[in-house]
Amino acid sequence: MDTFADEKSYGPVPNRAPLHGTPFIPLPLGSVRAEGWLDGQLRRQAAGLTGSAEQLFAELGPANAWRGGTGDDWEKGPYYLRGLISLAFVLDDDKLKRQAKSWVDAILALQLADGQIGPVTNQDWWPRMLITWSLRDYFEATQDSRVIPALVRYARYMADTLERKPLYDWARARAADQIETMFWLYNHTGEIFLLEVADRLQHQANRWNEFFRTLEAPEGDFRSLHAVNVSQGLKFPAVVYQRTGQNEDRDTFNIGWRNLRGAHGLAFGMWSGTEHLAGHSDNQGVELCSIVEQLLSNATAIKVSADPLIADEQERIAYNLLASAVSREFKQHQYYTLPNSPIARRNTPGTLPFADDHGDDLLLSPHAGFHCCCFNLHMGWPKFVQHTWMATDDNGLAAVAHGPSRVKTIIKGVEVEVESRTEYPFADTLLFVVTAEKPIRFPLLLRVPHWSKAPLISVNGDQVIATAGSFARIDRLWTTGDVITMEVPAELSTVKNSNGAISVWRGPFVFSLAIDEQVELVTRDDGGFHEFELTSASAWNYALRLTKSDLNASLLRSTMPANPWIAESAPMRLQVKARKAIAWALSHEGCLAGETPSHPQTLAEVEEDVTLVPMGSQSLRITSFPWFAL
Ligand SMILES: [Zn+2]
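All residue numbers for the sequence shown refer to our numbering, where the first residue is 476 and numbers rise by one.
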């Protein structure tokens, strides 16, 4: 068995034949760190929900069955552990690393002689998919010599057991997560039986290729319309492509994306799921589990296809949906994130137009809605950061998603570091600064977003070709101190949504009306982990004025604050002309906005200047606007 005893030799691990190669190769956890505002966001997460999760949730305490107790034995602990490990090693935070190690120690110590891992009281394959992914991440970050033998023993248990105890329920829908870990393990060990296990898993899984072509649930598959399954299922064809090499498998991600947007697309990107796919209404939302799972699926699809448009969407999900779904200090979250929600309060279950209406899905709470998101949300930001950079199959490095970050890896035996110095997406300029142990030639790929107008890239002052919607490839000898400048100017655009209402975009940002949020505590917590309701203390029922389909907007910029995700100090704002749409009011017992009137009949006489801020800087929002033309 290959080992990685020498830490310095452990860089990206490409697919091993007969698996098909992928153009991009993810870097081991810990290779990419956040800088600037993105580091601040991770630190708020560590000081907020993730760092305090074991105190906030009794289910994660020593009694958790994954830690050897008699308590919760299903997905809560495994969800949390995957996010905890990701955050601990992206941040390099000793306290979080110690917490992660105590879980890993317990899980490894409890492995049974037959290879089975986890609580004997619950034999469900699904939470073990999360645990094996967590262990794989833990190995990448620590090269802990216990991990790979334990994963191989568990894979042998699967090989011995899957035929008489096949995948069922959630595990059938989410099998791609386990297959991907089998491939990872095969790449690290060369044990051919792992591919046979992967084949069996593929055979027993939901038929996702079929589903994404029609969005009709294949008979007998498990909850194909459940939006979290859909987000995880989108990874499935990309994962199995590595085994089959079929173009159809590689391309199904984009077909599925297009069909989902077409039938269920919402104004801020992605699609509705409450918890099932639910059409285009601005009163539908996206579950936080779907947001974080979609980010992971996009990363898998980018690895396989190197398609820069998938990374454009990756940023949109992180910088709009993920930023908005969690509160400003990272101590609360919302279960569903809606394009239009000028109010966030509890309701009598069954009042709202959600197939699964828990009564606290819009509440700002450490544990809103069904108790999955509060355990799964932890991987969102750190896994996004981990995948902002990837290795390429020709010994290069690719800046896949942009944001302030620093990547350190080994290229042809030479340690190389590239820092992305930027306030992106709050700024349009990025500086990439190279440090190399010794001069080394390799291709550096920079994603040029599809929305950028006249993008510019220069290396040490010399211009190179940059085309929007592609990767710029700069293949040269790199030495310490080389600086690449990238300008990706964005223009404002208005996008017509399926209901005729409009949304305002600039770069990866979608903008929302700035709303004065009035807070009412539901429960108080000394550490700030309150539950609270929000109502708007300012008018929200505005229609925007368009002239010849153009928005008359002024872009206002200010200096970068410590936390850019707070509306009052948002470093990028828009001022636009608007009038109140008089008849547009709350509905559903005052718990939702009424359906958006795309062309309101009755408008106020007075025209006002209103402010829009990036969607991610508020918990209340109007993102899908009525409009009128003059
Ligand atoms: Zn959830």
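We put the beta carbon where it would ideally sit given N, CA and C, even for glycine.
Return yes when at least one heavy atom of ligand 1 lies under 7 Å from the C-beta of residue i, else no.
i	result
Glu1080	no
Phe845	yes
Leu996	no
Leu763	yes
Val703	yes
Cys848	yes
Asn851	yes
Comparing C-alpha positions only, which one of the options sits nearest to residue i?
i	options	result
Ala1045	Phe1004, Met1090 and Thr1010	Met1090
Glu1080	Val579, Gly544, Asp619 and Phe1103	Phe1103
Arg682	Thr1098, Leu1105, Ser699 and Asp674	Ser699
Pro824	Pro817, Leu837 and Ile818	Leu837
Phe829	Gly748, Thr775 and Leu771	Gly748
Ala630	Arg557, Asn758, Glu655 and Thr1071	Glu655
Phe805	Ile1041, Ala786 and Leu1019	Ile1041
Pro879	Tyr899, Gln769, Leu852 and Val985	Tyr899
Arg649	Trp732, Leu562, Gln769 and Asp569	Gln769
Leu735	Val622, Phe614 and Val761	Val761
His1074	Glu966, His663 and Ala976	Ala976
Val979	Pro964, Thr1034, Pro1036 and Ile1097	Ile1097
Ser1099	Thr904, Trp1015 and Glu1083	Trp1015
Asn539	Asp1000, Pro594, Gly982 and Val985	Pro594
Met1035	Arg1048, Ala911, Pro983 and Ala1028	Arg1048
Ile766	Glu790, Ile886 and His755	Glu790
Phe859	Leu827, Ile792 and Gly844	Ile792
Asn490	Glu1082, Ala651 and Gln717	Gln717
Pro1072	Leu610, Thr525 and Ala1018	Ala1018
Phe850	Ser561, Ile606 and Tyr554	Tyr554
His739	Asp726, Glu666 and Leu813	Leu813
Arg881	Met865, Gly888 and Asn870	Met865
Phe917	Arg803, Trp926, Asn597 and Glu892	Glu892
Asp1000	Glu1070, Asp903, Ala634 and Ser840	Ser840
Val875	Val908, Leu921, Met854 and Val997	Leu921
Glu750	Ile777, Cys847 and Gly1002	Cys847
Thr955	Ala774, Asn935, Phe946 and Thr942	Asn935
Helix or strand or just coil, what does DSSP make of residue i?
i	result
Thr478	Any reading at Thr478 needs caution, since the residue's pLDDT is 39, under 50, leaving its predicted position unreliable; the model's value is listed next. Coil.
Ile582	helix
Trp1059	coil
Ile730	helix
Lys640	coil
Asp1025	strand
Gly748	strand
Ala753	coil
Asn662	helix
Ser577	helix
Met865	strand
Met1035	coil
Lys572	helix
Trp549	coil
Gln1093	coil
Gly740	strand
Ala538	coil
Arg469	Only positions 476 to 1105 of the chain appear in this structure, which leaves residue 469 out of reach.
Ile990	coil
Phe907	strand
Lys1052	strand
His808	strand
Asp652	helix
Arg682	coil
Ile1011	First, the amino acid is wrong: residue 1011 is Ser here, not Ile. Correct three-state label for Ser1011: strand.
Asn815	strand
Between residue i and residue j, how many whole angstroms is the CB-CB distance? I'm expecting something under 8 Å.
i	j	result
Lys551	Leu566	Wrong, their Cβ atoms sit about 22 Å apart, outside the cutoff.
Arg820	Gly834	Contact flag wrong, Cβ pair sits at about 10 Å.
Asp1084	Lys1052	7 Å
Cys1066	Leu905	No, Cys1066 and Leu905 are not in contact; Cβ-Cβ is about 42 Å, not under 8 Å.
Val923	Gly944	7 Å
Ignoring anything shorter than 3 residues or poking outside the stretch 943 to 972, list the beta strand (DSSP E) runs there in chain order.
-> 945 to 953, 958 to 962 and 967 to 971
Within the stretch 478 to 518, note down every full alpha helix (DSSP H) run reaching 4 residues or more, in order along the chain.
-> none
For the stretch 817 to 899, which segments carrying the beta strand (DSSP E) assignment without a break, of at least 3 residues, lie completely within its bounds, in sequence order?
-> 864 to 867, 872 to 874, 880 to 886 and 889 to 897
Please specify which runs of the alpha helix (DSSP H), each continuous and at least 4 residues long, are wholly inside the stretch 764 to 805, giving them in chain order.
-> Counting only runs of 4 or more residues that sit fully inside the stretch 764 to 805, the alpha helix (DSSP H) segments are 783 to 791, in chain order.
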